[in-house]
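S.K.: Chains as they are written, first to last, in our numbering: chain X, 1 to 127; chain A, 1001 to 1145.
Ideal placement from N, C-alpha and C gives every residue a C-beta, glycine not left out.
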Amino acid sequence: MTAGAGADGPSHRCCMDLSAEDLPGGITKVVLQGRFDTTGAVVMELPFNKIVTERRKIIVDLSAVNFLASYGIRVLLVGAKIVKSKGGNLVILCPDNNVAKVLKTAGMDALIPIHQTETAAAAALTS
Amino acid sequence: MSSLDPRRLVLRNDVAELQRLAGWIEGFAQHGISSDVSFAVQLCLEEAVANIIMYGAARDERLEIAVELERNGATLVARIEDNGRQFDPTRAPPPVVATSLEKAKVGDLGIHLMRSFASGMDYERREGRNRLTLRFIESTSPAPE
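(1) Rounded to whole angstroms, what's the CA-CA distance from methionine 44 of chain X to glycine 1128 of chain A? Just pull it up for me.
(2) Given 8 Å as the limit, is there contact between the stretch 1048 to 1057 of chain A and the stretch 96 to 107 of chain X, that is, 3 or more CB pairs closer than that?
(3) Where serine 1003 of chain A and glutamate 1068 of chain A are concerned, what is the direct C-alpha to C-alpha distance, given to the nearest angstrom?
(4) For histidine 1112 of chain A, which residues of its own chain have a beta-carbon under 7 Å away from its beta-carbon, when the five flanking residues on both sides are left out?
(5) Using C-beta distances below 6 Å, list every residue in its chain close to isoleucine 112 of chain X, excluding the 5 sequence neighbours before and after it, in chain order.
(6) Roughly how many whole angstroms lie between the Cα atoms of alanine 1016 of chain A and aspartate 37 of chain X?
(7) Given a cut-off of 9 Å on the beta-carbon distance, is the pair alanine 1078 of chain A and leucine 1134 of chain A in contact?
(8) Does the distance from the C-beta atom of glycine 1056 of chain A to that of phenylalanine 1087 of chain A stay below 9 Å?
(9) Using a Cβ-Cβ distance under 9 Å, would leucine 1043 of chain A count as near chain X?
(10) Would you please verify whether the beta carbon of aspartate 1014 of chain A is less than 9 Å from any beta carbon of chain X?
(11) If distances are taken between C-alpha atoms only, which option among X:Ser85, X:His115, X:Leu76, X:Ala121 comes closest to asparagine 97 of chain X?
(12) Am I right that serine 70 of chain X and glycine 1110 of chain A are in contact with their C-beta atoms under 8 Å? What's the rounded C-beta distance?
(13) Which residues, taken in chain order from the stretch 28 to 45 of chain X, show a beta carbon closer than 8 Å to some beta carbon of chain A?
(14) Using a cut-off of 8 Å between C-beta atoms, extract the partners of phenylalanine 1039 of chain A located in chain X.
(15) Can you look up leucine 1043 of chain A in the DSSP assignment and give me helix, strand or coil?
(16) Is isoleucine 51 of chain X close to chain A? Criterion is C-beta to C-beta, closer than 9 Å.
(17) On a Cα-Cα basis, can you pick out the residue from A:Leu1011, A:Ala1029, A:Met1114 that is closest to valine 132 of chain X?
(18) Against chain A, with Cβ distances strictly below 9 Å, would serine 63 of chain X count as a contact?
(19) Going by C-alpha to C-alpha distance, which of A:Asn1130, A:Asp1122, A:Ser1116, A:Arg1131 sits closest to aspartate 1036 of chain A?
(20) By the three-class DSSP mapping on this structure, what secondary structure does aspartate 1088 of chain A have?
(21) Against alanine 80 of chain X, what residues of chain A qualify as contacts under a CB-to-CB distance less than 9 Å, listed in chain order?
(22) Quick one: does arginine 74 of chain X have its CB under 9 Å from some CB of chain A?
(23) Below 6 Å CB to CB, which residues in the same chain sit around leucine 68 of chain X once its five sequence neighbours on both sides are set aside?
(24) Can you find a C-beta in chain X that's less than 9 Å from the C-beta of valine 1097 of chain A?
(25) With H, G and I counted as helix, E and B as strand and the rest as coil, what does DSSP make of asparagine 49 of chain X?
(26) Along the beta strand (DSSP E) that carries valine 91 of chain X, what are the first and last residues, could you check?
Have a look at this one:
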């Protein structure tokens, strides 16, 4: 599936896109792309919540996210809590340096595992 | 400064204005500002202005939010002034450190991020307006390692 803000017009900057793919082992990889700011988080909240409600093993690939603000963290945290409450797990894959700094400053690295490779992320979900 | 001054932007209290803010900061940051400071400025202004938009006024009450950016040597100074309800983010308590995902509280991270990514943060209430000043210093690590 895919979802995103798209380009609504010349004055409307495209902010975020989401795509999801199934990996072996019942894992779902969610690839987020763009600015995960307040605007992006509002757009992503619904499609992201749909996935975390339906799936149990989720990798959230942040390698193409170039900005993260507190509302984006809120979406990730709520998602991780929903998956956990259903007996599953959510991990983060490959955030860029500044995004990783935001996650660490917010204390998210202690709550949601962060992995640098898809292999390590998948192994964490299947162990 | 006039309304056409590239260092000053006036916003309404509408979430859609955050995209205009982001584009304006990106334009300003193209002029000799490091990527780390640019990121820190974008993050702190996003958090500060989003707070004002979401909590600064009652529904349907119109606010004016003025943002200014100024370089002073190695320091970049950002000022945010609004005519919303009085709020001093420098006095907000630090977030509670969660011991588990289940117990983690959702929210209350914006001001913590501002404190961590800005080099300094001052607030004053003057003539019925909130005035928040944020400073960013080049070559200083903007966030704890």
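M.R.: Walking through what the data contain:
(1) Sequence index remark: in the first sequence, residue 44 of chain X carries index 44 (1-based). Sequence index remark: in the second sequence, residue 1128 of chain A carries index 128 (1-based). Rounded to whole angstroms, methionine 44 of chain X to glycine 1128 of chain A spans 36 Å at the Cα level.
(2) no
(3) Residue mapping note: residue 1003 of chain A aligns to position 3 of the second sequence, counting from 1. Residue mapping note: residue 1068 of chain A aligns to position 68 of the second sequence, counting from 1. The pLDDT assigned to serine 1003 of chain A is 45, lower than 50, so where the model puts this residue is not dependable; a value taken from the coordinates is nonetheless given after this. Roughly 11 Å separates the two Cα atoms.
(4) Taking the second sequence and counting its residues from 1, one reaches residue 1112 of chain A at position 112. Contacts found: Pro1094, Pro1095.
(5) Taking the first sequence and counting its residues from 1, one reaches residue 112 of chain X at position 112. Ala80, Ile92.
(6) As a position in the second sequence, residue 1016 of chain A is number 16, starting the count at 1. As a position in the first sequence, residue 37 of chain X is number 37, starting the count at 1. Those two C-alpha atoms are separated by around 12 Å.
(7) To locate residue 1078 of chain A, count along the second sequence from 1; it is residue 78. To locate residue 1134 of chain A, count along the second sequence from 1; it is residue 134. Yes, they are a contact pair.
(8) Sequence index remark: in the second sequence, residue 1056 of chain A carries index 56 (1-based). Sequence index remark: in the second sequence, residue 1087 of chain A carries index 87 (1-based). Their beta carbons are under 9 Å apart, which means glycine 1056 of chain A touches phenylalanine 1087 of chain A by this criterion.
(9) The residue you call residue 1043 of chain A lines up with position 43 of the second sequence. Any Cβ of chain X closer than 9 Å to the Cβ of leucine 1043 of chain A would place that residue at the interface, and such an atom is present.
(10) Against the second sequence, residue 1014 of chain A aligns to sequence position 14. For aspartate 1014 of chain A, the answer is no, since every Cβ of chain X falls outside 9 Å of its Cβ.
(11) For the purposes of this step, residue 97 of chain X is taken as the residue at position 97 of the first sequence. Proximity to asparagine 97 of chain X across X:Ser85, X:His115, X:Leu76, X:Ala121 peaks at X:His115, based on C-alpha coordinates.
(12) Against the first sequence, residue 70 of chain X aligns to sequence position 70. Against the second sequence, residue 1110 of chain A aligns to sequence position 110. Right, their Cβ atoms sit about 4 Å apart.
(13) Arg35, Asp37, Thr38, Thr39, Val42
(14) The residue labelled residue 1039 of chain A in the question sits at position 39 within the second sequence. Residues of chain X passing the Cβ test: Phe67, Asn98.
(15) The residue you call residue 1043 of chain A lines up with position 43 of the second sequence. Helix, per DSSP.
(16) Here the question's residue 51 of chain X lines up with position 51 in the first sequence. Against chain A, the CB of isoleucine 51 of chain X has no partner CB under 9 Å away; the residue lies outside that interface.
(17) Residue 132 of chain X lies beyond the stretch modelled for chain X, which goes from 1 to 127, so this question has no answer here.
(18) By one-based count along the first sequence, residue 63 of chain X stands at place 63. No, serine 63 of chain X does not count as interfacial toward chain A.
(19) Numbered from its first residue, the second sequence carries residue 1036 of chain A at position 36. Considering only alpha carbons, the answer is A:Ser1116.
(20) Position 88 of the second sequence, counting from 1, holds the residue named residue 1088 of chain A. Three-state result, aspartate 1088 of chain A: coil.
(21) As a working note, residue 80 of chain X is residue 80 in the first sequence. What alanine 80 of chain X touches in chain A, judged by beta-carbon distance under 9 Å, is Leu1101, Ala1104, going in chain order.
(22) Position 74 of the first sequence holds residue 74 of chain X. By this cut-off, arginine 74 of chain X is an interface position.
(23) Here residue 68 of chain X refers to the residue found at position 68 of the first sequence. Same-chain partners within the cutoff: Phe36, Val99, Val102.
(24) The residue labelled residue 1097 of chain A in the question sits at position 97 within the second sequence. Yes, its Cβ sits closer than 9 Å to a Cβ of chain X.
(25) Numbered from 1 along the first sequence, position 49 holds the residue referred to as residue 49 of chain X. The answer is helix: DSSP assigns asparagine 49 of chain X an H, G or I state.
(26) Within the first sequence, numbered from 1, the residue matching residue 91 of chain X stands at position 91. Run containing valine 91 of chain X: 89 to 93, per the beta strand (DSSP E) assignment.
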